[in-house]
Structures are given as structure tokens and as C-alpha cells.
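The block underneath contains the structure these notes are about, expressed in C-alpha cells.
Number of protein chains: 2
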Amino acid sequence: MRKQFRDLVEPDVVHDLIADLEIGAEEETVPLTDARGRILAERVDAELDVPGFDRSNVDGYAVRAEDTFGASESDPVELEQIGRIDAGEQADTTVEPGTVVEIATGGVVPPGADAVVMVERTAREDETVTVRTAVAPGDNIMVAGADVAAGQRTLGPGTELTAREIGLLSALGIESVPVRSQPTVGILSTGDELVAPGEQLHSDAGQIYDVNSHTIAASVEEAGGRPEVYPIVGDDFEAMKTVLTEAATECDLVLSSGSTSAGAADHIYQLIDDHGELLRHGVAVKPGKPMLVGRFEETPYIGLPGFPVSALTIFRHFVAPKIRDAAGKPPRKREQITGQMAVTERYKEGRTRLMPVGLVEDDAENLLVYPVDKGSGATTSLVDADGTVRLAPETEQLDAGQDVEVTLFSADVRPPELLGIGEDDPVLSRLLDRLDNPRYLPLGSREGLRRLRNGVSDIAVAAGPTERDVEAVELGSWSREWGLLVPAGNPADVTGVADLVETDLSFVNRGRQSGLRASLDAGIDDLADERGTDRTILTDAISGYTLTAQAYESPPRRVRAGKAEVALGLRASAEPLGLDFVSLGEQPVRILAAPDRVEKVGVESLEDLLPLSDSLIGGLDGIESTE
Amino acid sequence: MRKQFRDLVEPDVVHDLIADLEIGAEEETVPLTDARGRILAERVDAELDVPGFDRSNVDGYAVRAEDTFGASESDPVELEQIGRIDAGEQADTTVEPGTVVEIATGGVVPPGADAVVMVERTAREDETVTVRTAVAPGDNIMVAGADVAAGQRTLGPGTELTAREIGLLSALGIESVPVRSQPTVGILSTGDELVAPGEQLHSDAGQIYDVNSHTIAASVEEAGGRPEVYPIVGDDFEAMKTVLTEAATECDLVLSSGSTSAGAADHIYQLIDDHGELLRHGVAVKPGKPMLVGRFEETPYIGLPGFPVSALTIFRHFVAPKIRDAAGKPPRKREQITGQMAVTERYKEGRTRLMPVGLVEDDAENLLVYPVDKGSGATTSLVDADGTVRLAPETEQLDAGQDVEVTLFSADVRPPELLGIGEDDPVLSRLLDRLDNPRYLPLGSREGLRRLRNGVSDIAVAAGPTERDVEAVELGSWSREWGLLVPAGNPADVTGVADLVETDLSFVNRGRQSGLRASLDAGIDDLADERGTDRTILTDAISGYTLTAQAYESPPRRVRAGKAEVALGLRASAEPLGLDFVSLGEQPVRILAAPDRVEKVGVESLEDLLPLSDSLIGGLDGIESTE
């Protein structure tokens, strides 16, 4: 039965299917203190006048207006004070002709009075009040019901309650309000390989931490739903049936993700088919092809892909609007912005594409858009992107400079103050900690320089020897001692690169983009020259030369974990990891800014931190400021 | 001692003073499930590789890549399947030359294999797998640490945790995270006149419901703080001291509002002066002149004005940024938008002005900005405005069409889909209930037509005789029966307007902008003609002719409350309020759209509801569709 659903359908068909799902939208009554962000279920008409009495808007004297007619600075009138009313007091004294009653802001205008004179336009001596201005009936009074009149329509159904609406409800004396219920959304992660965060992980057995339960739960909350996370279910038909039944009973909508293994997927199909209806399987969109829409018993069910980026993308695009709608929330605005492609991109697959993109502002605060594509299996692309660009199936190319519309992940998304790409380095990590909203992609020195040339990033961080230079402004630099990290006590007595060539010691390298690798390769070239041989002869002889890890501390961590015997790395990593260090030299780390971005706030903030202070170097061995 | 602080200081001085207040910013650890919206307090470096093993990205066969070299559709290779690995399984079988292991997406690439062939490019018969493509080493494999490498910097301090960051933390197996504490903000409302919503209100004694406790609490939450609301305090020195002491002990910041009565204000000054330090009193900004900044004991203290709109404006402008900062939240973006003034406005007072404004889109989706000024005592202006425009003290005029920058109340604020101004009417209330995000200002028929002419609103609702017509498209109309409402049984035997003139019956009228009033006045004119007398002779003889109430149901509600004997109103109000009705005629209610706005979505949605269906009229007496 899987085959009949293998035809991928167009995204709009899936949107329509999901729009047609019936998610129960009840209402409930909540106290005003819990009402923020909720959606009013019914119209609220005022049951009382606000204010409930004729109120003085100023500190002054309640008068009969006609007693002041003709009064002025040069020709004041004198009236007799016969009483005083404070806010919250009953007005007992009647203002007779020729008299006044002192009144505080908020006080009840007493009988007989029809205006209030501000205290600033009066003087008083004993019981005699000198009034230096004329007032008309109604002056400085807010009459009963002038703010809100009893019977008046005040708030309509569907209104989102913010501080301001809560204020109006308070003024009406309302302490609890009928609001739309938040749909309860059950969340199931399925897969034998999944382990809940915080529990013990057995990587050797192919286990990974469950990401989707938390991301989907947080996203359901963002959309106005109430997430209910169920325990992870393995590839077990009965267990899956039990949890699915429980979730369908307790929730208004059930979402599952995972089931990438064929067996588990088959179970889900089977269960939905036996106990409900499978409406669709598969949507022609990338990422996120696998997707189920149906019902389990009578409860709407949507199956999301297993890869976190795919699951979240499909959720945001297809499911979140439905949850918002069921919760009574209006569609999001201000999440659509227009930017210009920073680079040219080509596409071949004829499917709608929801392309994750990052944003960066150039010197003129134009918004540049660059694709973030690390493959759908990568969780880091979750945080390296700011939104998505939807591409029609027929789009074959986006040109640099072309306008594209970006759907932000939320209206609050800000482009980073600083976008840097380049080498991974412990001092750099500390520098980034002191900046406001930086984004740094540790793709290595070579890639950093390439992207700086392409006009994407604000800065590149380049370590070691670099092939060619780019036009850039050097903001600062430091040097770091690099070499080989070995277990404590250096049991194999490693002294240099030659030992790697001449022994079977298992080595862990850095990738080709890295400045550490460039320095190592320069060392190998020197050794090859010295020996009059070809460098590939030497690299072939190094056991693990092609085995790379991507952060500066990753290779030595493999040594610490007992998975390798020698690692390329920094002296700074030795002490924290309890390893020994064999020095092979020093290399410069340079921060290079694009010339047209040096005046960006983020770039200037970074420059302000250079040259390095002691607190930025403290505790890191082998690092020296070079300025 | 009050006098020395009476000099108003410029807003920037107050900003600086508040910026210098020290609000304790601790950190705390929260589980991932509660982390959404919180701010990371420390950098998070990865403690493990993600994935923790070489993982297959596809369903297929793990192979030694060299075994597939040269394979193609026309010249496939045959290999022997020797095992199968599902996701979450240990990889026990080693792939020897000439063999493959079947592997599921997410499975551990077994020893010996260095690539995976997608199942789509293979065929299998028994144990023989036909491979129709060549793969290179690494193809379809995500190597250990390729997503996140152990030791890698993943999230920096100050990062706001959304679904995406929570996903990355999950992938790292982190179940609880160090986040910035939310500053606790104590909220005190002071004033003898204040009553908490839900409790009994004595309007005669000048009581009003406390608005500030709820609006400020909700606003503190929006800014990232934790509100702590204290009981309302009256004008009592000892009680104020007790609550202020308690709040200062328990909170990181204390806000009070109110104290509009001189006595209470004096107490606050005295308390701050005796037990802390009063740094400033009074800021040169409108609304919101009264404002205190200081410390009570060692706790920062800010005193807000008593009027809700002033209190909220001052809070948003001066206090919210400080709370955001203490909570580690970045300053808001996307709350600033530019619009064009819809009308010309003049100003005289030489003070910085935070002018509340409403927004409306014209037919070309240009954003028009109009001032919402109902006086600082009005709570309805809380919800009728979308944001504020800050005007420099020297601004004397804003011209229609001039660009102004609006600070939205929140990034989510949407201009209404429909802006209507005009008559208050029960059918209209039902129509508005069925629209998405309408805004309707019930300012009366005359004001509605005036503003339609000025190009502010999308529609006007005009009832009764109107003085002159405007260029407009009539979307629809109905008629309503109007007249006089009297107590049940009509004890005074009222039959028409003449009874109001000839008796002392106390009457409640509608305002001059209202269509009901226009019809009544036309009736009085007729009576004056009939009697050959002047209309003012008649109106002077009506007891309460100048006493007006602002919603269609407000005058009859006064009759029901026993505060008046006759009210102008609609037949539709009689039955719900238990009153008798004396008919004086029927009047049309017309919905008129600005000709250039008829294609706005909101206007079209309204037009779709016309002519009136039975469900829109049902239960309302005296209403008839006129189409």
C-alpha cells in the first residue's frame, strides 16, 4: 500500500488538505493575569460607564462656570471655598453660586459645579479663592461614560490581547475573559536510534539525540498551540499503536516525525490505514519530500520528515499556519522581507524549494541574502539561517543582486551585526562572546577568504600561509603555536612530522580549508624537499592523513578519547584536554575586513577589542598578540 | 521638598539616569522545555561530535567505493550482500571487497565501507546486488563530527533561544541550559480611588478600576521581566511604606503608578527621600510629565504617572528598554516603520511629544498615520492607537503627506484591515464581529463623513439625515426604528417629543455628531415650525437636552439605572434592557466607502456581508434590510 502514495503532490494541494483538517477550536475563560497573547473568543461590550462619574482631569477648584465668566489675569474673581474632594471620595458638598470646592485630579465633580479651574490659574488665601481665568461648562471634566459608554462595543472576537487590550478590560472591571482555546498538539518522535537529550548516548550503536521533539514543541508554542510531547517510540508496531492512540485521544492534532527506517514507516502507514485515513503521502518540495496527512481515528494527523531541518521547514510552512488558525491567531505579517542575492546560485531539480538563507547587511544597510545549504541532515543549518526563500520548480538560476523575498523564521529575526567566515580559533571564540549578535561560520581560512572576495561576509579570519591575498583591511592579528597533540607523557615519543611518515601512528588531520592544515602541508613540503621525494609519497605514508575533523579542538579530542594517537592542533588545547604538545611552529591569525564594511557597527565593535587585551588571551597557552 | 524637583528635565537625561540604574542580572539553569524565549548566559561549546558516527544519509548499500568504479547503467557491477544495518543498530559486519551491507538512512556505516549507493541506483535478487552507478569515497555519508565537531563553538552568550537553537542544543544532548535571569519587577498602584477588577465598584464615591497593575504587568512580561503585582495601596503613609519595603526587598526594580492626589504623592517623595535617593522628578515629555527616578533602600525605583495611557507610554519609552537590557534581550527591531501623515496637525507646547497614532493602509498599501488623541485620561486610546510618533519640542506642524517614523507598540502590530468611523449601531457591531481585524471609531455620523472626506478612513457609517453628502460608494444600507425609551409600562405616558418639552421629565440625549440626534433635532424643528416658535425655546425646555451619552445604548441604560426618565435610542434596545419604546420614525443607516478604497480586502469583506442576512438582523427589533 505504500506505493499508491509515492506520487509527490504539489505544495498547494497539501496546503488545501491541511486547511480542510478539522482541529477543534473551543473556548475557555482565563483570568486577566493569564490573558496576555490569548485571542478573545467573543465580543466584549461595556457593562459600565468609564469613568463612572463626572471626573476632574486636573487639580483645581470645581466651580459653576458662569461664576467665572469675564475673569482674567487683570480682572480676577473671588469665590469662597466651601469644601475639598480628593480622589476616591464621595462629593457631599453642593457648589452654590459664588462658591468653589477644591478638587484633586480624579475627584468626583460635586453637585452644582459644571467646570473645574486648574490650580495654576488660581490663588488662595484662607477661604478666599482668586480665579484668574474664565472656564466654560465642561472644562477640565471628563463626564461619566465619555471614555467608554455602557453598552458600547469595545473589543471584537479574534482580538489578540496585549497589554493595551488588557488595560481596557481592566478599566471595565473585567477580571476574566473568554478566549480561544489553544489547540493541544501531540508530538511523537519515532526511531530506534533516538535518545532523549540528557540521557546516555551510544554512538557506536548508531544512536543520536532526538531533536524534533524539542524543536517542534517550541514551534507549536510559537504558533499558539499547546505542545504535548510523548515518549520516543522505537520501531515497534504495538508501542507505536499505543502511543498514537493515547495522543489521538488527548490531543486536537497529532504530529509524528522520523520513521526513516522502512519498518517504522510501514508501521505508521499501517496504523493510519487501519485506524483512520491516509489522505496524502509525499509533497513535491525540497527539503521535506516525505510527509503524511491523514487522520488517526478522528484526530487529524500529520507525519513530518525525520531530518530536523526538513521537519522544521515543513512544520513552519504547512503546519504552523493551521495551528495559528485553530488558535484564532492572525496570519503573521512583517515576516516577509525583500533582499538581494549576494551570490549567483543555480538549481536543477524541478521541485518547489524552500531554500534556507542567511542575511547580512552591507555598508548601505542593503539586505544581502545567501543560501545556507549543509544538507538536510545537518542541525547547524538550523541556526545559521534566518529564513527561507521559496523557489518555484522552474527556477534554474538566481543572479547575484536579484531581489528575492525572504520569509523570516520570526518577525524578531535580526541580520547579524557581524558576519565572519574563516578559521576556528580559541581567541576568536572569546572575541565573538563580547559582540552583540555576531554570526561566525568556521569554514576555514581558505573559504573565509573566498567568501570575502565574493562580497558575502564582513570579515574573514585567516590563519597560517594563505595562497593569495584579497583586498581587505587588517583589523588586527595574533599568533598561535601549532603542532601535534599526543597522549600525556608522549608514549610514542613523537617529535615531528617525520614520525608520522615513518610510523603507523594513527593521525587526525584538519580539513583542506583550514590554516592549520596549510601549515602542516607546508611542513610536509619542506620534508619532501629535504628528502628529494614527492609530497604524496609522504602523505600516503601518514596513517589518517585524509581523516579530518572540523574544529581546532576536534582532532586532539579524538586523541583524548583514545580513537587516535596523534592530532594536528594548537598548544592552547593541550592543557585543557590533558594532552602533551609537540611544537611545530607559530602561525599568524589575521582578521581581515571587507573594505566597504569597515564602518559597520559590528566590524567597529570587533576592531575596538583589538589589539588583544590580557583578558582575551589569559589561560590560553601559545597565543601572543602581534601588535 | 517637592518644589526642588519641579523642573522638568529633557527625555535624554532621564534615559541616561535609568540606564545607570543597576538592576541585578543573575543567571539560572532551566530545562530545555522551558528555555524558549530565554537568553543564553554563557557560550555553549559542543562536548560531542554530531553525528557521533559515520552516518548514511540515504537508504541503500554500504560499499567499498573502489568496487563501484566504472559501474554505470549500461555496465553495472554485481556485489554480494552480506548483512543489513538499520538506524540505531551496531554495525557488526565488515564490508570486504566485493560485498555490500544494506543500510537504512541514519544507519552506522559499517567497517570496511567508505561510501553508500542509493537504493534507487541498485537492484537486488537474493543476495546479489546490482549497482548501476559509481560512487566516490564519502558519497552519501555524513562523517562523525561533520555537522558539529566536539569542541566547536556553537552558541554565544546573549543568544535568544528559539526553536532552532533549542534544536541545536538537543542535538548536543543538552537538557538544561544556563540562561539570564528575568529581572523581577514589583508593581504598585497607589490611590484611594482604585479598585481591583472583579471587585465591587462605587462610582458615586469616585472609585475607578485599577488599570495600571494589569497593563504594566503585561508590559513587563513583554519586555522579558517577571512581574510581581502588589495590592493596591491607598493614601496611607504606613501602608505605602510597608508595601514599598516588601517590594524593594523582593524585586530587582520597583515601579509605582498613581499618587495623583497630593497627599499620596507627598508620601512617596517622603519615603524615597527617607529611605533611598530621589534622582529626578518630572520629564519634559507629553504625555507623562510626572515621573520619579530613584532608589528605595538599594533597589531602583521608578514612579510612573497615574493615567493609564501616560503610564504605559512612559513605561514603553523609558522603562521597557532597561528591562530588556537587564534580561539580556536585544533592542527591538522591526518596530520602526515609516508612514505618511493622513492629515495636517499643529502643535504649540514646546515639549517632546510621544503622540499616539493609528495606522491605515490606502488603496496602494501606503501606510497613512493619523493622531489618536482623546486626552491622557482615556483608556480607549490604548487600543485605538498602533504606536507613537516622537515629536521634537520645536515641531510646530506636521503636514498631510509628510513622512513620519512610527514606533509600533509591538513588531506584530498590523494596520487594521478596515478603518471605519461613524455611527454606533447594533447591526454594525455584528458586521464588525465577522471581519478580520477591523477598527471602528464610533464618533458619530457627522464625524464619520468628515473623516471620509479627509481621506483618513475606508468607510463611514452615516445614520439619519446628513447635512451634505461626500463622494462615496454606498456598500449597503438598512433602516432602524428610533424614538424614546422609557421605563417599562411607560409610567409618564410619553408619546413624543412634545412631552419632553412640556414636562420636567429628565432626558438623556445623544451627542451632536450622532445620526440619532440629527433625527431628533429634525423632529424638534418640525415641532417648532408647527408651533411657530424658535427651536431653542423648545430645547431649553427639555430637561437634559444637553446631557449626552456616546453609544446608542448608553442613554437607555441610564433610564434602566433609574438615573433618567426618557432616553433617545433605538427600538432594538428596548427588549434587551427591559424598557418600553415610543417610536418616532425610521432612519436609514448607510455604509459609505471611499471611492479609492473599495478594492481593499477589508472593504470587500464587508461588502460581501451585504445586503444583510437574517442572522445579522435576528433578534434585533426594528431593523430592516433596505435592499
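Those protein sequences? They're chains Y and B, same order as listed.
For the first sequence, the working numbering assigns the number 17 to the initial residue and increments by one for each residue that follows.
For the second sequence, the working numbering assigns the number 17 to the initial residue and increments by one for each residue that follows.
The beta carbon of each residue, even a glycine, is placed where N, CA and C say it ideally should be.
None of the values given here were measured: they were computed from a predicted structure.
Residue pairing of Y/F312 in beta bridges, as defined by DSSP: Y/G292, Y/T315. Counting along the chain, the unbroken alpha helix (DSSP H) around Y/S186 starts and ends at 179-187. Within chain Y, the residues A179 have their CB atoms less than 7 Å from the CB of B/S235, given in chain order. Rounded to the nearest angstrom, the gap between the Cα atoms of B/E105 and B/T144 is 23 Å. Under the three-state reduction of DSSP, Y/P454 is assigned to strand. The beta carbon of B/E105 falls within 9 Å of a beta carbon belonging to chain Y, placing the residue at that interface. For B/E96, the secondary structure class from DSSP, reduced to helix, strand or coil, is strand.
Just measuring C-alpha positions, the residue of B/R100, B/R148, B/L177 sitting nearest B/P127 is B/R100. Rounded to whole angstroms, Y/V513 and Y/A590 show a C-alpha spacing of 18 Å.
Residues L295, R296, V309 of the same chain have their beta carbon placed closer than 8 Å to that of B/L33, with the five preceding and five following residues left out of the count. If you check each beta-carbon in the stretch 190-204 of chain B against every beta-carbon of chain Y, the ones closer than 7 Å belong to I190, E191. Beta-bridge partners of B/F331 (DSSP): none assigned.
Interface flag for Y/P316 against chain B is unset, since no Cβ pair is found closer than 9 Å.
The shortest CA-to-CA distance from B/A41 to any of B/G548, B/C267, B/I540 is the one to B/C267. B/P442 has its alpha-carbon roughly 12 Å from the corresponding atom of B/P458. Taking a beta-carbon distance threshold of 9 Å, B/D624 does not count as an interface residue toward chain Y. The stretch 172-182 of chain Y makes contact with the stretch 45-53 of chain Y, as at least three CB pairs between them are under 8 Å.
In this structure, the alpha-carbon of Y/T423 lies about 50 Å from that of Y/L516. Put simply, the CB of B/D440 is near chain Y, with a gap under 9 Å to one of its CB atoms.
In the displayed model, Y/E191 falls within coil according to three-state DSSP, outside both helix and strand. For Y/N228, the enclosing alpha helix (DSSP H) begins and ends at 228-238. If you draw a straight line from the Cα of B/Y561 to the Cα of B/S522, it is about 9 Å long. Here B/P454 is buried. Its C-beta has 16 or more other C-beta atoms within 10 Å. Proximity of chain B to Y/L184 at the Cβ level (cut-off 7 Å) is accounted for by T395, T396, L398, V399, in chain order. In this structure, the alpha-carbon of Y/P194 lies about 60 Å from that of Y/P627. By the Cβ neighbour-count rule, B/G635 is exposed, with fewer than 16 other Cβ atoms within 10 Å of its own. B/N506 places its beta carbon 9 Å or farther from that of B/A358. Proximity of chain B to Y/L217 at the Cβ level (cut-off 9 Å) is accounted for by L64, G68, G189, in chain order. Within the stretch 479-499 of chain Y, contact with chain B at the beta-carbon level (separation under 8 Å) is assigned to no residue. DSSP, read as helix, strand or coil, puts B/A478 in strand.
Counting C-beta atoms within 10 angstroms of its own C-beta, B/R462 has 16 or more neighbours from the protein chains shown and is therefore classed as buried. Residues of the same chain with a CB within less than 7 Å of the CB of B/E313, apart from the 5 flanking positions on each side, are A264, H291, G292 in chain order. By the rule that beta-carbons nearer than 9 Å mark a contact, Y/Q223 touches chain B. Interface annotation, B/H283: not in contact with chain Y, CB-CB separation never under 9 Å. A distance of 9 Å or more separates the beta carbons of Y/L370 and Y/G319. The closest CA to that of Y/L64, considering only B/R526, B/A534, B/R574, B/D624, is found on B/R574.
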